[in-house]
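Residue numbers (our numbering): 168 to 556. Virtual Cβ for every residue (Gly too), placed ideally from N, Cα, C. A quick write-up on the structure given underneath.
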Ligand SMILES: Cc1cc2nc3c(=O)[nH]c(=O)nc-3n(C[C@H](O)[C@H](O)[C@H](O)COP(=O)(O)OP(=O)(O)OC[C@H]3O[C@@H](n4cnc5c(N)ncnc54)[C@H](O)[C@@H]3O)c2cc1C
């Protein structure tokens with residue numbers, strides 16, 4: 168049996184659930200006016216919020232949640248104007264497990280059509296749309312899934328950069344750590360000095376362990392008004408406290424070239440800003456905090472690629488190669504704009520839904536409410552340096 172959808176979304180994390188919720192909102196408004204809606208579903212390999220459930224137990228959202236929605240300032244971590252993790256979870260910096268609970272609640276409350284346990288293996292290009300090949304036959308009683316539009320929302324967390332230099336296989340990527348308490352050594356080297364690397368050092372110091380951070384750039388000293396480029400206030404505050412313990416040391420402008428395992432030890436070779444080589448020996452497995460790749464690599468044939476390794480999209484977040492293939496989530500880039508946080512990429516759900524609705528001849532006027540709520544950002548020229556102090 169063939170099942171045809173206007174839209175199929177791949178991934179049920181913050182982005183997939185958020186864009187599904189936007190479609191739900193538009194359909195709901197159109198149904199009230201007896202207008203046509205958009206048929207859609209979400210295919211999720213694992214379960215709703217799966218990436219968040221894989222976060223190290225101690226990790227917290229760096230962006231704070233606060234129930235400010237009634238005053239027109241939507242909770243920074245909310246995926247829709249009418250929901251708030253602060254309200255659902257009663258916490259300001261949710262853990263991964265807590266945030267997954269919020270996403271599950273959104274799916275349940277709005278009865279979003281999410282099919283869990285369905286891994287998308289391939290997306291085939293047809294003359295008039297896309298065929299989605301999945302691990303499981305029989306999704307919604309269909310053997311074959313066809314979609315006119317595909318929205319890729321596969322995220323990044325489950326695709327860590329594990330080979331950034333020779334010998335990286337001897338290291339442990341921070342995303343593979345269930346809890347920092349599982350590490351038994353007393354002294355660690357952390358490779359990578361952005362949010363994940365500093366979080367690793369903070370967590371290790373809380374356990375009384377020493378952590379030496381090697382950062383390609385000294386993010387802890389950098390000044391910028393873009394939180395995608397510098398450490399968040401939440402992390403800077405925690406880092407100050409960790410530094411007072413003298414367990415954390417930071418080394419910036421240093422690039423790791425290789426890691427060798429010699430007997431029971433690890434030899435790290437790095438290069439400083441003047442090109443001088445430096446050797447660091449450590450007894451414990453070095454921690455990799457080298458970031459993540461875009462999961463859209465799974466369907467690399469659908470996108471052209473930017474030099475920074477992210478998918479190239481047009482002004483409405485659609486593939487520059489294939490009409491009807493859209494990207495939502497943290498891999499989204501427009502020129503120098505990095506839309507990696509929920510509060511940034513959520514503002515593009517309505518841009519994608521609006522584009523699809525217009526092409527399908529579906530009334531999209533209800534999305535004006537998303538614009539009014541600051542959740543429909545189609546002019547990125549406002550996203551510059553804007554803080555006087
Ligand atoms: C360490 C870390 C900390 C972060 N902290 C914050 C923060 O504090 N605040 C903030 O706003 N953002 C933060 N981010 C950014 C973060 O990427 C996003 O907040 C969020 O996780 C992205 O949501 P997503 O839905 O795009 O991806 P995910 O949550 O990863 O969801 C993607 C989903 O797609 C599924 N999937 C993937 N491939 C397939 C497939 N082939 N078939 C079916 N399903 C598939 C996965 O199972 C997963 O459930 C952080 C990111 C990282 C890595």
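DSSP three-state label for residue 227, please. It is a strand residue.
Output the residue ranges of the alpha helix (DSSP H) runs that lie fully inside the stretch 348-373 and measure 4 residues or longer, sorted by chain position.
362-373
Exercise for the section: Taking 8 Å as the cut-off, decide whether the C-beta atoms of residue 417 and residue 375 are in contact. Expected result: Between residue 417 and residue 375, the CB-CB gap reaches or exceeds 8 Å.
| task | Have a look at residue 355 and residue 335 and give me their C-alpha separation to the nearest angstrom. | result | 15 Å
Self-check item: Closest residue to residue 217 among 199, 326, 302, 236 (Cα-Cα distance)
Solution: 326
| message | Check this for me: beta carbons of residue 177 and residue 321, under 8 Å apart or not? | response | yes
**Q.** residue 384 versus 305, 365, 370, residue with shortest Cα-Cα distance
**A.** When only C-alpha atoms are compared, the closest one is 365.
Endpoints, the beta strand (DSSP E) within which residue 289 is located = 287-293
Tell me the start and end of each unbroken beta strand (DSSP E) in the stretch 392-466 that is at least 3 residues and wholly inside, in chain order.
-> Entirely contained in the stretch 392-466, the beta strand (DSSP E) runs reaching 3 residues are, in chain order, 415-418, 421-429, 432-439, 444-449.
ask   = Opposite residue 283 in the DSSP bridges: which residues?
value = 211
task = Return yes when the C-beta of residue 465 is under 7 Å from any heavy atom of ligand 1, and no when it is not.
result = Within the cutoff, so yes.
Under 6 Å Cβ to Cβ from residue 449, same chain only, skipping five residues before and after it: list those, please.
356, 433
Any idea what DSSP makes of residue 339, helix, strand or coil?
strand
| So, using beta-carbon positions, are residue 283 and residue 213 closer together than 8 Å? | yes
* To do: Let me know the secondary structure DSSP gives residue 473 once reduced to three states.
  => coil
Separation of residue 249 from residue 457, as counted between CA atoms: 35 Å
(Q) When you compare the stretch 202-210 with the stretch 238-255, are there three or more beta-carbon pairs, one atom per stretch, that lie closer than 8 Å? (A) They do not touch, by the three-pair rule.
Where residue 265 and residue 215 are concerned, what is the direct C-alpha to C-alpha distance, given to the nearest angstrom?
12 Å
Worksheet entry | Residue environment, residue 193, which counts as buried when at least 16 other CB atoms sit within 10 Å | Buried: at least 16 other Cβ atoms inside 10 Å.
* Name, in chain order, the residues that DSSP records as bridge partners for residue 319. => 177, 494
Residue 379 by DSSP, collapsed to three states: which one? strand
- Message: What residue range does the alpha helix (DSSP H) around residue 523 cover?
- Response: 516-527
Notebook entry, point to check: Should residue 369 and residue 409 be called a contact, given that it needs their Cβ atoms to be closer than 8 Å?
Noted result: yes
- Please classify residue 268: does DSSP put it in a helix, a strand, or coil? Judged by DSSP in its simplified three-state form, residue 268 adopts helix.
Using a 10 Å radius around the Cβ and a threshold of 16 neighbouring Cβ atoms, would you call residue 351 buried or exposed?
exposed
Through-space distance from residue 548 to residue 319, alpha-carbon basis
Approximately 25 Å between the Cα atoms of the pair.
* **residue 298: first and last residue of the uninterrupted alpha helix (DSSP H) it sits in** => Run containing residue 298: none in the alpha helix (DSSP H); it sits in the beta strand (DSSP E), 296-301.
Between residue 462 and ligand 1, is the CB less than 7 Å from at least one heavy atom? yes
Does DSSP put residue 170 in a helix, a strand or coil? strand
task = Starting from the C-beta of residue 506, find all residues in its chain whose C-beta is less than 6 Å away, skip the five residues before and the five after it, and write them out in chain order.
result = 499, 512
TODO: Report whether the distance from the Cβ of residue 229 to the nearest heavy atom of ligand 1 is below 7 Å.
DONE: Yes, since a heavy atom of ligand 1 falls inside the 7 Å radius drawn around the Cβ of residue 229.
Next on the checklist: For residue 533 and residue 358, what's the separation of their Cα atoms in angstroms?
Outcome noted: 47 Å
In the DSSP assignment, what residue or residues form a beta bridge with residue 312?
Partner(s): 170, 299.
Discussion item. Please classify residue 340 as buried or exposed, where buried requires at least 16 other C-beta atoms within 10 Å of its C-beta.
Written reply: buried
- Extent of the continuous alpha helix (DSSP H) run through residue 485: Careful: residue 485 lies outside any alpha helix (DSSP H) and carries neither H nor E.
Item checked: Three or more C-beta pairs below 8 Å linking the stretch 180-199 and the stretch 528-543 -> yes
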